[in-house]
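Just so you know, we're using this note's numbering here: the sequence shown kicks off at 213 and counts up by one.
From the three backbone atoms N, C-alpha and C, an ideal C-beta is built for every residue, glycine too.
None of these values were measured; they are calculated from a predicted model.
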Amino acid sequence: MADTTAPSTTAPTSTTTPGRRKAVSLTRTPAWAWALLPVLVLALGFLYPLALVVRQSFTPESLEDGGASLTPYTEVFASTVFREALTTTVWLAVGATVGCLVLGFVLALVIAFVPFPGGKAVARFIDVFLSFPSFLITLALLFIYGSVGMANGAWTGVTGAAEGPFHFLTTPWGVLLAEITYFTPFVMRPLLAAFSQLDTAQLEVASSLGAGPVRIVRQVILPEALPALAAGGSLVLVLCLNEFGIVLFTGAKGVTTLPMLVYSKAILESDYPAACVVAVVNIALSVGLYSLYRVVSRRAGA
Numbered sequence: 213m214a215d216t217t218a219p220s221t222t223a224p225t226s227t228t229t230p231g232r233r234k235a236v237s238l239t240r241t242p243a244w245a246w247a248l249l250p251v252l253v254l255a256l257g258f259l260y261p262l263a264l265v266v267r268q269s270f271t272p273e274s275l276e277d278g279g280a281s282l283t284p285y286t287e288v289f290a291s292t293v294f295r296e297a298l299t300t301t302v303w304l305a306v307g308a309t310v311g312c313l314v315l316g317f318v319l320a321l322v323i324a325f326v327p328f329p330g331g332k333a334v335a336r337f338i339d340v341f342l343s344f345p346s347f348l349i350t351l352a353l354l355f356i357y358g359s360v361g362m363a364n365g366a367w368t369g370v371t372g373a374a375e376g377p378f379h380f381l382t383t384p385w386g387v388l389l390a391e392i393t394y395f396t397p398f399v400m401r402p403l404l405a406a407f408s409q410l411d412t413a414q415l416e417v418a419s420s421l422g423a424g425p426v427r428i429v430r431q432v433i434l435p436e437a438l439p440a441l442a443a444g445g446s447l448v449l450v451l452c453l454n455e456f457g458i459v460l461f462t463g464a465k466g467v468t469t470l471p472m473l474v475y476s477k478a479i480l481e482s483d484y485p486a487a488c489v490v491a492v493v494n495i496a497l498s499v500g501l502y503s504l505y506r507v508v509s510r511r512a513g514a
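Encoded structure:
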């Protein structure tokens, strides 16, 4: 006998809650409306001033009509001061980055894997240190190694000499020391986060198999720390390329970096086109290095 039961045509009961309807109605707003405010803030606060700097770099003061010209670039690139400032900026940034990577890795290893009283307090202090201004660290070094600092004062007090032997703080090596001192925590912070995620069972297995501390660090810890090292190192490199306060407060008159050259051209010489040219070069270096870091980290899977 044929089944005469008619298929149910009852519409499914809607389970949409008021909150769900509200969320759906919000998604109907055009995407451009949500992006309008952030884009306006970015354009007025960053892109417009940057466009003015780029425009000024193509506007020599000799052109009264404000026309564009490559003269400021050719004059700046041909100057010995610019080439020396570029070289100094690059080698200081690279040297400080290498120093921060080595020192930061060693200190992070000690804090993470060597139990000692106050270790947790030191780890918390790293986070606080990141909020310190760079000139504060430089002033601390001046109090210790400056011409009238504690180190020179102790030397003259013991030996009776007219002056102490510590005068390196106003040299490129003093700037390098100050940058390594200030930026090392920027490497330690991601390293400590990476070490906190490391499975300690790997370390115990490696130790039980007879591996020494150096081998454990090289074969177990270091591979896990490479993404954090890359992130911290790239950040330090970009920050050192743009560092101004440390060089200024050390009083290293013979050390001219690109940011210091921008300050000199704009404030001391009132040569705004040349200052804008140097600023554009500095920005291009920073953006180029950051783009290179993104490509390398993407390929490495970091």
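The shortest C-alpha to C-alpha distance from residue 348 to any of 469, 440, 381, 458 is the one to 458. Rounded to whole angstroms, the separation of the alpha carbons of residue 305 and residue 498 is 11 Å. About 10 Å separates the Cβ atoms of residue 403 and residue 438, ruling out a contact at the 8 Å cut-off.
Residue burial annotation: residue 486 is buried, with at least 16 other C-beta atoms found within 10 angstroms of its C-beta. In the same chain as residue 307, and ignoring 5 residues on each side of it, the C-beta atoms closer than 7 Å to its own belong to 388, in chain order. Between the C-alpha atoms of residue 268 and residue 412 there is a straight-line separation of about 56 Å. Looking at the backbone, the Cα of residue 262 and that of residue 358 are separated by about 38 Å. Look at the beta carbons and you see the stretch 380-397 touching the stretch 456-473: at least three pairs across the two are nearer than 8 Å. In the displayed model, residue 414 falls within a helix according to three-state DSSP. For residue 290, the enclosing alpha helix (DSSP H) covers residues 283-290. Inclusion of residue 390 and residue 346 in the CB contact set at 9 Å is warranted, their separation being smaller than that value. In terms of Cα proximity to residue 379, the closest of 362, 394, 369 is 362.
The alpha helix (DSSP H) runs lying completely inside the stretch 419-499 and spanning 4 residues or more are 425-428, 434-453, 457-462, 470-475, given in chain order. Our two residues, residue 295 and residue 248, have alpha carbons roughly 42 Å apart in a direct line. Between the C-alpha atoms of residue 252 and residue 243 there is a straight-line separation of about 15 Å. The criterion of a C-beta distance shorter than 9 Å is not satisfied by residue 338 and residue 430.
Around the beta carbon of residue 292, fewer than 16 other beta carbons sit within 10 angstroms, so the residue counts as exposed. About 6 Å separates the beta carbons of residue 399 and residue 448, which is inside the 8 Å limit, making them a contact pair. Note that the C-beta distance between residue 260 and residue 270 is not below 9 Å. Looking from the CA of residue 455, the closest CA among 392, 258, 255 belongs to 392. With fewer than 16 other Cβ atoms inside 10 Å of its own Cβ, residue 299 counts as exposed. Residue burial is scored here from C-beta neighbours: residue 490 has at least 16 other C-beta atoms within 10 angstroms and is therefore classed as buried. Taking 8 Å as the upper bound for CB-CB distance, residue 453 and residue 494 are in contact here, some 7 Å apart.
If you look at residue 377, you'll find it isn't in any alpha helix (DSSP H); DSSP assigns it neither H nor E.
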